[in-house]
Structure formats: structure tokens, C-alpha cells
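All remarks here apply to the structure that follows.
Residue numbers (my numbering): 424 to 795.
Encoded structure:
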């Protein structure tokens, strides 16, 4: 039908070091699951894949239109080009690693909603978009060309005048893959797609600390410490949906968006204490505050003025200090690895959408639901 949306999936960018390529390969596996689910839904007039991966392109069936991207790729420019060349009236954009828990039924419902809309953009997150389904497609010509997809829905609202409809916040709409910890969370979640699961099962991902925290979440006698850029709605969710007690230190929300990280202005209570007592004592003291801890380490790194490479960040998330070049990041990771309680490290997702998904996985693994 002429009103059926066209699905545009963009996948690429994470290549190079093996630990970085690991996340990129997981995003490509998620893209395969998304294409399969979209095809099963029967809700899309066309599926277009834009990628820099010949391997991924070669795995597409004939019904998927594949467009290769190169080193000069600029997200906003390429999205506009695809929409104009394919005359896309109702674009349904998704980033490759975004929304890995989205089912074919949910895709169909969203596509149907878009097919009936006008002057509208549907998004999972106004300020950091992984999914933006909008109409009319020509609105793309009225917005600023951006290098990344984060601000797409914001631009469509402010510059093209579209009405933005945010999707309900839940694990499905808020969880995406940015770090190795996100991969581990997806691995333990029951809604992980078959292609992503096959890839993740082949990795050397240690989920021991995650599974211990999942058990803790369903135990009324235990306490979990969470530190980092936790949104208030996630805080509220884990308070209501976990059986354990939760201690939260939420700080430095928006440190990247408003430039504090780039200007060296990140200040953290966790970071101040870390500097006061040193790495090993810091993690020993955490054991007095909870039976396990989930830490958004990027806040601490920002407070310390550290700018670790993706390789060092990801190896820190994996608790592999011997593979980290930056001495300060290595020392921090060594201390986390030898902490007396389970420690999970990650980026923003580990205290937002990833944490949401982990709670769901915890109750699914428990098989029963207590009053939280």
C-alpha cells in the first residue's frame, strides 16, 4: 500500500580493535534480527539497509535494498539522500544496534500507527533517538544535517514543525547496544533475537556478576548500589520492580549533551571519594553500602579528567585490566575486579535502558514474581 512505511536501517562505524569490533558485530547481528522481524510483520513496503559492512550486506535476501556507505559518511546527509532517491513518504528509521528487544508484533503496531499519522514523528527518545518514524518524508529537507542520529527527532520537531510522540519508556524502547556490558545484558535477556544470541553465545562474555545481581534483585534481604547518570524514571522503576533494596547515587545527567565533559567540568561525589581513599579502599567501602554495585564508569572517568580510548573503556567494562593502556583506567579496573562484591561497569545504558532490561531478565530467570 502507498501508505505503508519504509524501514531504513543504518548499521556501521564500530570497527578496528577486536573489542570494538565485537560490539559492532553484535549490532550487525541485531540488524539481521530486526530485518527478519520486520519481514515477518509484513508491515513495510520496503526495507533499505545502509551499511559499511560487506559481510552484512551479503547476508541480506533479495527483498532488502542494500546501500553501501564509505569513509565520507555523514548520517544526516545520507538519510536525506536515501529518503529523496527512494521517494520515502513515511520513513521508519532505526539504528542497527537500537531496540534489540523490539518484536515483529511491536514493529507492526508502530508501522500501522505511522501509516495513519500526518505531520508526526514517533521516537523512542527525543534527545537520543535510535528509532524515528515520521511523516512526511520530505520534512527531512527542512532540518539541519547532523553527523549522528541522536538529535533527529528533536530537529524534526524544532525545525520541521512535526508533532513528536515519544514511545512509552520500557526496556524495549530504551535499551540499545553501545558497550560490551550491553551485550552481556542482551545475552541474558529472554527476548534476545536468534541471530544476536548465536553471535553472543560464541563470545567469551563473563556474565557471572550479572547473574549474581539478577538473583540479588529478586531477594528482599539484599541491597543493590547503582551509581551514575540514572534517569528518575529508571530509579522509580527499579524501586517498584525489584525485591531488593536499592541505593542510588545519580549524578552528572547530561554531561555530554551540555558539553561539561568536553570542558572538563564533570564533578562527582563518587569521584571525590575515590580520590580521597584510593581505588582498592573505594571498592572495599562499597561493600558496606550494598551486596553488589552497578557503576556508570564514564562519570568517574570524566571527574578524573580521563579520556580513555574505546578499547580501554570496553576492556574496563569487561574487567580485563591487562588489556588496558591507560594506567589510571587500568588501576581502577584492577580494583573493581578484586572487589569483595560483584561489580558491573558500563556506560550510560548500564544505569538506564540496560538496567531496565536486566530487571526483566532477573524475574524471567527467577520464574516467579514476589511483591517488590
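Even for Gly, the Cβ is constructed at its ideal location relative to N, Cα and C.
Can you tell me which residues form a DSSP beta bridge with residue 651?
673
Nearest neighbour of residue 491, chosen from 691, 484, 501 [CA to CA]:
501
Alpha helix (DSSP H) containing residue 488: first to last residue?
Looking at the DSSP string, residue 488 is not in any alpha helix (DSSP H); the run it does join, the beta strand (DSSP E), is 487–491.
Limits of the unbroken beta strand (DSSP E) element including residue 473
469–474
Under a Cβ-count criterion, where at least 16 other Cβ atoms within 10 Å of its own Cβ denotes burial, should residue 514 be classed as buried or exposed?
buried
How do the segment 507–521 and the segment 425–436 stand: do at least 3 beta-carbon pairs fall below 8 angstroms, yes or no?
yes
Taking DSSP as the reference, what is the three-state secondary structure of residue 543?
strand
CB contact check: residue 481 to chain C, cutoff 7 angstroms:
Absent here is chain C; the protein component of the structure consists of one chain.
Going by the beta-carbon positions, is the gap between residue 719 and residue 767 smaller than 7 angstroms?
no
Through-space distance from residue 629 to residue 609, alpha-carbon basis:
13 angstroms
Close Cβ partners of residue 440 (< 6 angstroms) along its chain, the five nearest in sequence each way excluded
734
Alpha helix (DSSP H) segment containing residue 746, residue limits:
Where residue 746 is concerned, there is no enclosing alpha helix (DSSP H), given that its DSSP letter is neither H nor E.
Using DSSP with H/G/I as helix, E/B as strand and the rest coil, what is residue 678?
coil
Going by DSSP, name the residue or residues bridged to residue 557.
544
If you follow the alpha helix (DSSP H) that residue 445 is part of, which residue opens it and which one closes it?
441–464
Sub-7 angstroms separation of residue 715 and residue 709 beta-carbons
no
With which residues is residue 433 paired in a DSSP beta bridge?
473, 518
Return the CA-CA distance between residue 694 and residue 634, expressed in angstroms with no decimal places.
27 angstroms
Within its chain, find whatever has a CB closer than 6 angstroms to the CB of residue 780; leave out the 5 residues flanking it on each side and keep chain order.
594, 598, 608, 612
Along the beta strand (DSSP E) that carries residue 796, what are the first and last residues, could you check?
The structure shown does not extend to residue 796, since the chain spans only 424 to 795, so no value can be given for it.
Can you give me the start and stop residues for the alpha helix (DSSP H) that residue 717 sits inside?
No alpha helix (DSSP H) holds residue 717; the beta strand (DSSP E) holding it covers 715–719.
Proximity winner among 637, 729, 751, 659, relative to residue 687 (alpha-carbon distances):
729
Give the straight-line distance between the Cα atoms of residue 636 and residue 786, rounded to the nearest whole angstrom.
12 angstroms
Considering Cα atoms alone, identify which of 474, 645, 532 is closest to residue 494.
474
Who are the Cβ neighbours of residue 529 in its own chain at under 8 angstroms, not counting the five residues just before and after it?
595
Touching by the beta-carbon criterion (3+ pairs, under 8 angstroms), the segment 567–579 and the segment 700–708:
no
Just the Cα atoms here: how many angstroms apart are residue 643 and residue 556?
41 angstroms
Below 7 angstroms between beta carbons: does that hold for residue 614 and residue 524?
yes
Pairwise C-alpha distance: residue 546 and residue 640
30 angstroms
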